[in-house]
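Contents: one structure, followed by commentary.
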Amino acid sequence: MDISTVAAFLAVDLLLVFTPGADWAYAISAGLRERALVPAVAGLVTGYVGYTVLAVAGLVVVVASSTALLTGLTVAGAGYLMWLGWGVLSRPAVVGASETVADSPGRILLKGAGISGLNPKALLLYFSLFPQFIDAGSGWPVAAQTGLFGVLHTTACAVVYLGVGLFAGAVLRTRPAAARVVTRISGVLMVVIGGVLLVEQLS
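Counting in our numbering, the sequence shown runs from 20 upward without gaps.
Shown next as structure tokens:
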């Protein structure tokens with residue numbers, strides 16, 4: 020595969036990853052809690068690993084071409100995102116607080132996987148962006164090219180979201196009042212993004 024194609028894909032992909040959204044909101048919220056960031060980002064990455072597997076298997080095209088399935092995924096993802104956002108608003112992160120049993124690493128990871136895994140925009144990313152950079156005439160099989168792009172996207176997400184969470188924790192850890200404000204903003208973003216997705220499907 021041509022290195023220039025990979026570089027072009029990374030340039031476009033990084034622009035999308037650096038655009039704040041639900042993943043950013045979750046990473047910021049987790050960054051304000053002790054031992055929550057790594058499992059949170061691992062969960063977000065797990066969702067994209069799942070999409071990569073689907074893309075390599077060719078199932079992304081099947082899902083994206085089914086209006087009913089895509090609508091169902093969107094509604095489920097929007098509802099889940101709004102539920103998580105409400106949870107953040109009703110129980111904002113306390114800087115320096117230890118995680119409770121309810122917020123165990125496994126549960127934090129599952130929440131992250133739900134956010135990215137139920138995000139229909141991620142499905143459309145794999146469906147609409149990847150094909151533009153795949154060259155069926157190259158020496159690489161299409162599945163291998165798809166897998167490479169999936170790995171690059173997942174790695175970019177892991178690095179950026181870890182950076183966002185670490186930055187939020189470092190900057191706000193000594194500012195409890197500001198941390199509460201940012202946490203609430205993150206919760207509001209989750210609710211708003213979920214609401215917009217829901218309205219788009221019901222309108």
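Here a beta-carbon is modelled for each residue, glycine too, at the ideal position from N, C-alpha and C.
Buried or exposed: where does residue i fall if 16 or more other Cβ atoms within 10 Å of its Cβ makes it buried?
i, result
"F37", "exposed"
"V215", "exposed"
"F186", "exposed"
"S109", "exposed"
"D32", "buried"
"D122", "buried"
"T119", "Residue confidence is low: T119 scores 42 on pLDDT, short of 50, so the model does not pin down where it sits. Its coordinate-derived value is still stated next. Classification of T119: exposed, given that the 10 Å Cβ count is below 16."
"S85", "exposed"
"D97", "One detail in the question is off: residue 97 reads as Ala in this sequence, not Asp. The residue in question, A97, is buried, as its Cβ has 16 or more Cβ neighbours within 10 Å."
"A116", "Only weak support exists for where A116 lies, its pLDDT of 47 falling under 50; the coordinates are left without a value."
"V190", "exposed"
"I22", "exposed"
"V201", "buried"
"G125", "exposed"
"L167", "buried"
"L4", "Only positions 20 to 222 of the chain appear in this structure, which leaves residue 4 out of reach."
"L34", "exposed"
"G182", "exposed"
Assuming residue i and residue j form a contact by the criterion Cβ under 8 Å, report the distance between their Cβ atoms to the nearest whole angstrom.
i, j, result
"I212", "A41", "5 Å"
"L88", "I134", "Their Cβ separation, rounded to whole angstroms, is 19 Å, which puts L88 and I134 out of contact at 8 Å."
"V107", "G206", "3 Å"
"G104", "V210", "4 Å"
"Y70", "L142", "7 Å"
Within this structure, are the beta carbons of residue i and residue j separated by less than 8 Å?
i, j, result
"T165", "F146", "no"
"A30", "F152", "no"
"V75", "A132", "no"
"A44", "L144", "no"
"V94", "L217", "yes"
"A46", "Y180", "yes"
Would you say residue i lies against chain B (beta-carbon separation less than 8 Å)?
i, result
"P195", "Protein chain content of the structure displayed is limited to a single chain, and chain B is not contained in it."
At least 3 beta-carbon pairs within less than 8 Å: the stretch 54-74 vs the stretch 191-210 | no
Is there contact between the stretch 43-53 and the stretch 149-165, where contact requires at least three CB pairs shorter than 8 Å?
-> Proximity of the stretch 43-53 to the stretch 149-165 falls short of the contact definition, fewer than three beta-carbon pairs being nearer than 8 Å.
Counting only runs that start and end within the stretch 45-108, where is the beta strand (DSSP E) found for 3 or more residues in a row?
-> none
Quick one: any contact between the stretch 62-74 and the stretch 171-182, if contact means 3 or more CB pairs under 8 Å?
-> yes
Starting from the N-terminal side, write out each stretch of the alpha helix (DSSP H) that is 4 residues or longer and does not extend beyond the stretch 132-169.
-> 139-147, 149-152
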